[in-house]
Each structure stands twice: as C-alpha cells, then as structure tokens.
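Going by mature numbering (1 follows the signal peptide of the UniProt record, and there is no 0), the letters in the sequence shown line up with residues -19 to -1, 1 to 1240, in that order. In this text, a Cβ means the ideal position worked out from N, Cα and C, and glycines have one as well. Note that the structure is a prediction, hence the values are computed from the model and not measured.
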Amino acid sequence: MVLELRFVWPLLFCSPCLLIQIPDEYEGHHVMEPPVITEQSARRLVVFPTDDISLKCEARGRPQVEFRWTKDGIHFKPKEELGVVVHEAPHSGSFTIEGNNSFAQRFQGIYRCYASNKLGTAMSHEIQLMAEGAPKWPKETVKPVEVEEGESVVLPCNPPPSAAPLRIYWMNSKILHIKQDERVTMGQNGDLYFANVLTSDNHSDYICNAHFPGTRTIIQKEPIDLRVKATNSMIDRKPRLLFPTNSSSHLIALQGQPLILECIAEGFPTPTIKWLHPSNPMPADRVTHQNHNKTLQLLSVGEEDDGEYTCLAENSLGSARHAYYVTVEAAPYWLQKPQSRLYGPGETARLDCQVQGRPQPEVTWRINGVPIEKVNKDQKYRIEQGSLILSNVQPSDTMVTQCEARNRHGLLLANAYIYVVQLPARILTRDNQTYMAVEGSTAYLLCKAFGAPVPSVQWLDEEGSTVLQDERFFPYANGTLGIRDLQANDTGRYFCQAANDQNNVTIVANLQVKEATQITQGPRSAIEKKGARVTFTCQAFFDPSLQASITWRGDGRDLQELGDSDKYFIEAGRLVIQSLDYSDQGNYSCVASTELDEVESRAQLLVVGSPGPVPHLELSDRHLLKQSQVHLSWSPAEDHNSPIEKYDIEFEDKEMAPEKWYSLGKVPGNQTSTTLKLSPYVHYTFRVTAINKYGPGEPSPISEAVVTPEAAPEKNPVDVKGEGNETNNMVITWKPLRWMDWNAPQVQYRVQWRPQGKQETWKEQIVSDPILVVSNTSTFVPYEIKVQAVNNQGKGPEPQVTIGYSGEDYPQASPELEDITIFNSSTVLVRWRPVDLAQVKGHLRGYNVTYWWKGSQRKHSKRHIHKNHMVVPANTTSAIISGLRPYSSYHVEVQAFNGRGLGPASEWTFSTPEGVPGHPEALHLECQSDTSLLLHWQPPLSHNGVLTGYLLSYHPLDGESKEQLFFNLSDPDLRTHNLTNLNPDLQYRFQLQATTQQGPGEAIVREGGTMALYGKPDFGNISATTGENYSVVSWVPREGQCNFKFYIWFKALPEGKVSPDRQLQPQYVSYNQSSYTQWDLQPDTKYQIHLMKEDVVLRRMDVKTNGTGPVQVPTTSSFASEGWFIAFVSAIILLLLILLILCFIKRSKGGKYSVKDKEDTQVDSEARPMKDETFGEYRSLESDNEEKAFGSSQPSLNGDIKPLGSDDSLADYGGSVDVQFNEDGSFIGQYSGKKEKEAAGGNDSSGATSPINPAVALE
C-alpha cells in the first residue's frame, strides 16, 4: 500500500488548492498582472486654509492601470474640478487641491480611489478629508473670581475645538508659566485647579494660551483676575474630587493605544493622590505617574488591562476616591490577510480573510470593487467562515477581490487578486548537472519545473524505470528527488521528466558517491588549572579524491592563530591553548571537512583554580555593635569548577595596623552569612576570601569601617617571668597584650609582687612597658608576681600568681668525682656525685664537662692545648666521652653552672689503652721482572700505640687458585718488600696492615701484576721538546708496567747533512726514569727519534732543533749540581724557617688561654642570667670547635655515627643517668674566644686526620 501511494506522488501537483507564482527563471512568456495599489493617502487628512490638499493613489499592473475616484460614494472627476491639479505620472491617479479658503470647505468628505485594467479593479481605503479654519476664542466677558483663603477654585480655559491635538499653557502677562505643584494643577481639559488658595495666588493675569500646531498659531484667552481674601482662621477639610466629580465612571480603552486617567482633588491640607488596581498589580514597565501623581498613564493597553482603577485622595482629615471601570476594546486587526496568487486552470482558489477586534468586526467581500451581493449570482464562489472560495477556476475567473472588516473603532481593507494562467511545462534546473555526496548521507537531485497547470514530475533510472521502487528514494513537492543512506553503487545517471496538458520535458542528473569522512581519533575532554596549557589532538580519514581540512572550533566559533598572540597554536590536527583562563573553558571541537561533508568531534575543557572574589559583602544589624558583634553577609563567589570549601573572614584596623589582615574565622563553603564576636575598640574593615582545593581566591572588596565601643580589658598578659640579671635585683617581664586586646586607645600594666610564703602586703606599680626592675633584693629569693592589664575603662580579670626569683650568684660548690670507667681505647665513662643545691646559689642548669688531650703515653705533647666541652643536664651525674685517641693521656674537669655562670671545677686525669693503628700510607707496586714485584709503603699516620710490624697478604684475582698468602713482617721500620715467583699471566690483590699489640689495623689495598711486561710497551702521552742543541723526550710510565731497558737514537735527516763523526750513537735508557735529554745536537737540524728494544723500533717521532749555527756542548753534569740551583733551594728553605718562627711568636702572644684562667676572670657583675636557652649558645661554640679542630670523630659504642653536635640536645638525654657524648662536645657560649685551626698529626708524628686519629692543636 505504501508503494502504491508513492507512485501517485506526481499527481499531487494537480491538487486543487496549490498556488502558482511565476518564477524569475521562466522566460519567454509575457504574463499580465492585475492592478495592485502601491501608495495611498492616510485615512484622515486635516487641512487648513493655507495648505495644499494632496490625495495620493498609485498602482501597478499590466496592461496599464486606469484610475477613478468617488467622494461620499458619488463618482468624482478631479480633472473637471476648479483648482484641482491631476498628476500625469504613469501608474498614478493622485491629484492636488491648491490652498484656498473657499476650496478647503468645499472639498470636505470621504474619498476612495479605484485602479483598473482588463484583469480587474483594486480599491483604496476610505480617505476622510477635514478642512479647518483659523482658530478663534469666542468673545466673552471674564469676571473676577473671588475666593477666601484656603478654599478651592477652578479657572476655566475652554479652548476652541480642533480636529488636530492642541497644547494648553497657563501664563501671566509677563509670559511666565504659572508654577504647578501638588496644590496647583492643570487638568487634561486645560482648566487650572487650586486644591486650596493662598494669598500669594492673588493675581489679576491668569492667562490660558492654546497652541494649534497645524496652523502654527497660539491664541490667548482673556486674563482672569483671581482675588484671594485673607483670613485668620483657615478651616481644615477633608479631600473632595474636583475632577471627576462623581464616585465612578466607565471608560473604553483601545488596545495598543495609551490610556490616561486623571484625578484632581481639593482640600486643606493639600491632599495627596494614590492609584490602586485591585484586580492585578500594575505593570511597572508600562505605567507612569505624572502631574504630581494626579495622572496615571498606561502605555500600549492590552486585554489584560481590563478592570477597575481607583484614585485615592488623602489628607489628615480623611479621603475621597473615584473608581474608573476600564473596558479594553480593539479596532479590527489581521489574523490572516488574503494574498494575491496565480492559479492554473481547474484549480481551486481560496482567499482567507481572518480578522479580530472588540467588538468583533463585520467582514464584507467585494469583487473588482463591487460588493459581492451585487455580483452575478452565477459565479462559482462561496464564502465559508470568512474565506472566499472559487472552484475549478478558468482564465475568465481572473479578478481582484477586496476584504473589508469594520467595527466602531475602525476599518481594515485588503486587496488580493486571483489570476488564472495557462503556461507550458519547463524544467528550470540546469540539464546534465553533476551532484556529489558521501556514503551514508542524503543526496538531493533538483528538478524545478513550472507550468500552468502545474506539471507532474517523475524520476527514472538509466533503464527508464521509476526509481521509487527503492524505499531509499523519496520525492519532494518541488520536484527534488532525495536519496537517503547513499551507497557506492548509487553512482550513475538519473532522468527527471515534467509534463502538463501542453507538453513534457526531460533533464539528466549525474550522481557521484564518495567515501564518507571519519574522525578516527577525536579530542578528549580535559580538566586543567588556570595558567596551564592543554593540547587536543584529532586524526581523520578522507576520500582521497576530495580536498580535506581539519579545523578547530571553540563554543561554535572558528579558532585561528592570532598574529599578535600565542594563545592558540594549531598544526596538523593539534590544538594547543596556552595560558588557560576561565574564559577558555567550554566545548572544543575538531571539524574534519571536505567540500561534500564534515564531521565533528567534541571535547569539554574545564578550567579549574582558586575561587573568584566574593561579591556583595554587606554589614547589617548594626545594633549588635553595642555588644561587640557584627553580622556579615555576601553572595557566593565563582567556584571555578571546584566546590568552595570555606570562606575566610579577615579584618584590618587602619589605625593600629594598616595593610595587615587578621583572620576572624572561617565558615563552611555553603554558608553566605555569619555573626562574629568582635573585640572592643577596634576600627574594623572586613573582607571575605573563598577557598577551594586549589587555594584561596581574590578577597572581596573591603567593607565599610565600623568601630566597636571601648571596654575594660578581657585578658591579662601571659609569659610572666621574674628573674634577676644581678645578684640583688629581679627583672619582671611579660608578653604585652596585642593591640586588639587593649579594648581602648591605650593600655597599662598593674604589676604586683611580694616574697613567696610571707603574707606581706603586695607591692605594686603601674607601667606602660612590658618590663619592671625590682631592686635591693636578696640573692635568689622566690617572689609571687601578678601582672594585670588596665585601661581607662577599668581593670582586666584577676591575674594568676607566677613565681619568680631574684638574681643568682656563681655556684660555690664543685661536683665530687666518683670514678672513670674505661670502655675501650676511645671511650670512657665519667661519674660524679650531685652538687649540694644550697651551694648552687640559683637554678642548677647542669654540669659542664671539660677535657683535653695531654699527649700520647710515649711522648707528651708540648703543643697548644685544645679543650673540648660538653654540657650535661642537671638531673644527670655521668657522661660518656667518646672519640678519644688511643694510647693517650687526658685531663677532665666537671663544673656545676646556673644562670649566672660556672662554679669551681673538680679535676681528674686518665689514660686510654692501646688501639689498632690506621692504614699504611702510599702503597706502590714496582715491577722488577715478569715474576717479581717490589712493594713500597709509608707507615700509618695514626699509630694508636707501639707499632710491632706489618701484615702483608695477597691472592690472584683470576685463575683457578684463590689461595690467600700471608707475610708477617715483624720489623716496624720496614718500608719495602720484594715478592717473587709471581705468575706473569695473573693479576693480584695486595693488602697491607700495620700491627700493634691490639692486632692489625685498617688495610690499604692495591691491585696489579707483572703481565704488563708482555706485548708492546706503553709510553702513554710521549712528547719531545727542543732547543738549539738539545731535545728532551718525556713519557708517562703506566702503573704496573715492569721496568725495562731500551735505546733512544737521534738520527739526523736527511742522511749526509751531518758528518759521520758527528752522528749520535743510541743511548741506553730505563723505562721508569720517564724522560731523557739528548745534548750535542746541531742547530736548525731535523732529527728522527727511534725508541728501540732488541732491534725492534717501538716508536718514531720527528723533531727539529732551533738556532742558526753550532753551539758549545755543555758538560754532561746535571743542572741539579749547578751552584745557582743549590743557592736557590737554600734561600727558599731559609725563608720558610723565618715564616715558621714568626707564626709561633704570634701564636704565643694572641692565642687562646686556658679555660680555667678565663673562669677566674669571669666576675663581671653585669653578666646576664643564664636561661635554658643558653644551651643553644653552648652548642654554637662546640660546632665551631669541632669543625675547626677535627676532621672526623671515632664512632660511638653502638656503632651509630651521628652528625657533629647532635648529642648535646637536652631532649636526647631523657633523664638517663648514663648519657653518651662525643669527644667534640659543646661548651657554654661565654667561653667563646678566638678559634684556631689545628694542625693535623698522629700520636707521635704529624699527619692527616683519620677516623681514629683526631687532629689536635699545636701546643
């Protein structure tokens, strides 16, 4: 059934309701046109005696249009009228009546123009012509108006009537406007109303002026004399309406026109006017109040404005009201206007004339200007629901119709023609046109045909069969053939055939189907932070025969690289957006396109970051300021795609801390208001900052400033301390209140003190600074102390009591040593008994342990003594000293100390046992032959005891045997050892250790062998330098290479240049000597140097001597034996001795002196009290000493090696009795002095510092 319906689609073009419009492309046929009115005069014309009267009527049509006029329904011939000029222009029936007083009155009436040709008649709307003479005020006698002060009065204007709007002005004889206000008002009718008169209103020249714009004339009424009688008893009265005078009235308002309602009242005091619309709220966008609220104007009235409008006049004595009942009606307006159309024979013509209005308009039809009821009844028309319908139209039915709608508010007229034509079929689409489309899309093959009757259109394939058998093919009413879901085999030729009752025509359409464009990899959505960059990529497949491109869009607009900006970077399917901002977020799409299709792949970009500024920060509930509170509210900030977690409220006091903001608190991110507790007497300005996961955003604009009232302090100072800086005083200090806690412009402190445990009267003093010195106290006496804040509003809360102490004195007792336990050769434990606290004369801060190296047990050092210090907490009576030198004598002292300083010392001497030595120095291997090596070494820098010899071991690195061979060398003075019977094909690892009674020490390791002897000897970077009569050959012997003998021969070039008796002989040279000097060379001569071994040339090189002639050959003695060289070396040695003597002299004068001597001089009465923080000062010197005195320290007993100075923190002691310290422990800061860098050395000899041989200072 569906297929059958699709086969009959060409017949649809003969549907009886289809309309015809002759297209521009249809050429070769001259079609006539019924008349169409193109211009006409306005519906209402008001003319004045001096004006020309011009009535316009213009129309087009083919053949030429003829015009006729009617006046008041009677035929009117302009050409026959005196004083009328007819316009002779083509397509015009207009005429002009020249200005004349007598003519203006004679031509008043209602005119209508008719334009006709052989196809019908068009008609203009009615044109009402009104003539108006010069305005004049009627003669009248104006009597004076007498009124008592306080009464109301109305001065009438009554201007002459006019068809055109006029303007009224009230002025006086000096042409000054009468001032109008709530009391004095001019109404819409031009009268001047006085709600109550005053004696100042007494004037004799109230003049009403009427302005007539049409005649450009202003006329004046006779002056009105207003006489006001003064009275001493003005009586108040309630309002009464002067206009309108009754209680209600009914008005009709026209839809789309303005509505003006007016209420003018009298009374004393002067009433005010208020407007009410009980049924609906007044539309604020269309309502205006004028004339001091006496006039309500409603612009562009609509149906919804129906209803009651009430004006209410009020004063202190009562009110008066008037109700306007407004009914909205409308002049006729179009719902559907009839349209002119062309029709083919046999079609049905339908003209719709749908109008609306209030009341409903009456619709009448005319044909060619004749009312339809007067037209021949035989015509085949009918009227249905306002539409004119003609069936089976023929060319003779061509006509012009008029639809006219009328009610009491106006009239509508529309001309529309029915034109029936006969035209042969013609296809307007170009023949043999090629269409291209892609697979899967829809192709549209055009076949625009025209004719009358409308031709039928059908499409055929190359075999002449209809294409509609395939359901993918579908036709359109305009002849276009659509093919959906295109396939590659749809490519080919298609034929469009159009036919009517006069002829038929055919065209060819060619269709090419291409491969569709596909995006194989589209951009991916991204979330990036502000300021970052994002990259989108896109890959696509295109038909190779088509031109292709990839473009980018952002929110639907094309993106391009900007010449003056690097915002976008676009290349080969890649889009890079730099410096992302929030405005960059949106949808980005890759568009792959050809001339036939385009595909798009979208991705979303979200730019995230910290929030935007908080808007609309406001302060409210100001009455809360009296309770030092404030209510803040704000609008949510932009979250920039990350939820706001919280809002931070901050304040600034521009008086006390300008440009410094303090946080008042934070509220959750879903909260936009809070009530805050404030401090008294602070000049607050607030701001709010939004915070999300990316951090805080920009703060809001600052709020207005508020000041909280003063109050007594709510807090007292904290960190109250009392301690002396002298033995007979106590310094009371505290942390002053922050300015925001003052609660007043200034704050002071009430300080009270008394001895602890004695119920004495409190002594007190009020101060401004956070310090008070109490003098003449006993040494180290406890005091009760209170500090209270006070201001001009009162005192702070009752302060807490703090215990302080007067100044301390130096401790009087020394600790008693118990014993010293030797752990090993580098660590000892020192113990002592606690000191008597009564003898401390202050707070026992701890113990200072001082120790120093006196020398090895074999030999005491006479160098400068370097003392080491460590501090032990007061609750600890032992110390572990580590990192000591083995086989050495040490002196140790222990002193108690308080805040004042150190007490007397307890002394002890101890010795460390022998230890293992350090590693030997500088082990070298010297190859003697292919089976023997000679080992050279130097003794260790740190003996750590008495050397007993060396232990040598070695084993091969490769080969089958890994046997370790040992040699116990018992001679401590031995420096070399020769190894024989070595395998020349193997490499060996050699270990050498020095030994004491405690065993072998650290080993030095070397690898090598004799296998380097075989093969060609390696001379390394060999070079030769020359003079006039000598040349020096230098090379670098390779480590492990066996020594051997070879020849060096200087051969002169070319041969024969040097006489045979002056030719040089080969010289025998050792490989390890690394250089050779050849003398007796001839100046300016080339030589070839041969390095030979057993007649085999190892190396060759060419040199040339300098100079131009022979020189005297020096003796073969070395320059080291020359006198000048010996003198030079002696002078250097002497200079070094002098410098060394000066250095010792300077050190003896300006060097350190012992700690004991310095303690004896530390009796300065101005010494500051020692606090807990002093331990930090002690550490600073310790760090300096250990960095300058030692290169390293011996590990502790448990094997942990801590950073220097890490063991001195009191927190590490943990109250333990046995505390481990390194040798390079710290000392208190008062022992700072000149720090000296110590020379390195062992127990008995100088040398580099090693882990078990700390460096010491020179004595």
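Run of the beta strand (DSSP E) containing residue i, from where it starts to where it stops
i	result
C908	E902 to C908
S870	S869 to F878
residue 1247	Not covered by the structure: residue 1247. The range shown for the chain is -19 to 1240.
D700	V699 to E704
F193	H184 to F193
Q89	Taken as a continuous stretch (DSSP letters only), Q89 belongs to no beta strand (DSSP E), as it is neither H nor E.
H1071	K1067 to K1074
S807	Segment: none, S807 is in no beta strand (DSSP E) and carries neither H nor E.
Q978	Where Q978 is concerned, there is no enclosing beta strand (DSSP E), given that its DSSP letter is neither H nor E.
V489	N485 to K495
Q21	E14 to Q21
C38	C38 to R43
C477	G473 to A480
F948	L946 to L950
CB contact flag (residue i, residue j, <8 Å)
i	j	result
T166	A115	no
S787	Y764	yes
K130	T196	In the sequence under discussion, the amino acid at residue 130 is Glu, which differs from the Lys named in the question. No, the pair does not count as a contact, with Cβ atoms beyond the cut-off.
D33	I91	no
T689	V712	no
A430	Q403	no
L426	Y416	yes
N831	V873	It should be noted that the sequence gives Thr, not Asn, for residue 831. Yes, they are a contact pair.
W315	V336	yes
V699	W723	no
Q769	N706	no
L916	L906	yes
S530	S582	no
V65	F76	yes
Q1044	I1029	no
T666	E633	yes
C292	C244	yes
V307	L240	yes
K822	N879	yes
A311	Q236	yes
Residue(s) in a DSSP beta bridge with residue i
i	result
W720	Answer is none; W720 lacks a bridge partner.
P889	Inspection of the sequence shows that residue 889 is occupied by Trp rather than by Pro. According to DSSP, which records beta bridges pairwise, W889 is partnered with V873.
H303	C292
W346	C384
C1124	Note: C1124 sits in no beta bridge, so no partner.
F175	V134 and V165
Closer than 7 Å: residue i CB and nearest the ligand ADP heavy atom
i	result
A1112	The ligand ADP is not part of the structure shown, which contains no ligands of any sort.
Item checked: Touching by the beta-carbon criterion (3+ pairs, under 8 Å), the segment 387 to 398 and the segment 467 to 477 -> Short answer: they don't touch.
Notebook entry, point to check: At a cut of 8 Å, does the segment 509 to 528 reach the segment 487 to 499 through at least three beta carbon pairs?
Noted result: Yes, they touch.
Note to self: For the structure I just gave you, are there three or more beta carbon pairs, one from the segment 346 to 363 and one from the segment 277 to 286, closer than 8 Å?
What the structure shows: Here the segment 346 to 363 makes no contact with the segment 277 to 286; the two share fewer than three CB pairs at distances below 8 Å.
Check: Where are the beta strand (DSSP E) runs, 3 residues long or more, that stay fully inside the segment 129 to 173, in chain order?
Finding: Counting whole runs of 3 or more residues, the segment 129 to 173 contains the beta strand (DSSP E) stretches 134 to 136, 148 to 152 and 165 to 167.
Next item on the list: Would you check if the segment 1004 to 1018 and the segment 1040 to 1060 touch, i.e. whether three or more CB-CB distances between them fall below 8 Å?
Entry: Touching, yes, given that three or more Cβ pairs across the two stretches are closer than 8 Å.
Checklist line | Length-filtered (3 minimum) beta strand (DSSP E) runs lying within the segment 372 to 457 | finding: Secondary structure in the segment 372 to 457: the beta strand (DSSP E) runs of 3 residues or longer, each lying completely within the stretch, are 380 to 388, 391 to 401, 404 to 408, 414 to 419, 424 to 426, 430 to 433, 437 to 441 and 454 to 456 in chain order.
Margin query: In chain order, what are the residue ranges of uninterrupted beta strand (DSSP E) at least 3 long that sit wholly in the segment 553 to 577?
Written below: Segments of the beta strand (DSSP E) lying fully in the segment 553 to 577: 555 to 558 and 567 to 574.
Margin query: Closer than 8 Å is the cut-off here; do at least three beta carbon pairs connect the segment 894 to 901 with the segment 975 to 985?
Written below: Contact holds: three or more Cβ-Cβ distances are below 8 Å.
Next item on the list: Examine the Cβ distances between the segment 292 to 304 and the segment 236 to 255 and report whether three or more of them are shorter than 8 Å.
Entry: Cβ pair count under 8 Å is three or more, so yes.
Note to self: Whether or not the segment 560 to 571 and the segment 507 to 518 are in contact is what I'm after, with contact meaning three or more pairs of Cβ atoms, one per stretch, closer than 8 Å; do they touch?
What the structure shows: With a cut-off of 8 Å, the segment 560 to 571 and the segment 507 to 518 count as touching, because enough Cβ pairs lie within range.
Check: Within the chosen definition, does the segment 775 to 793 reach the segment 747 to 754 through at least 3 CB pairs nearer than 8 Å?
Finding: The segment 775 to 793 is not in contact with the segment 747 to 754.
Notebook entry, point to check: At what residue ranges does the segment 586 to 641 contain a whole run of the beta strand (DSSP E), taking only runs of 3 or more?
Noted result: Annotation: the segment 586 to 641 contains the following complete segments of the beta strand (DSSP E) (minimum length 3 residues), in chain order: 599 to 601, 610 to 614 and 627 to 634.
Next item on the list: Please specify which runs of the beta strand (DSSP E), each continuous and at least 3 residues long, are wholly inside the segment 1023 to 1058, giving them in chain order.
Entry: Contiguous beta strand (DSSP E) elements confined to the segment 1023 to 1058 occur at 1026 to 1034 and 1048 to 1051, taking only those with 3 or more residues.
Next item on the list: Give, in chain order, every unbroken run of the beta strand (DSSP E) that is at least 3 residues long and sits entirely within the segment 754 to 822.
Entry: DSSP runs (the beta strand (DSSP E)) wholly in the segment 754 to 822: 763 to 772, 783 to 786, 797 to 805 and 808 to 814.
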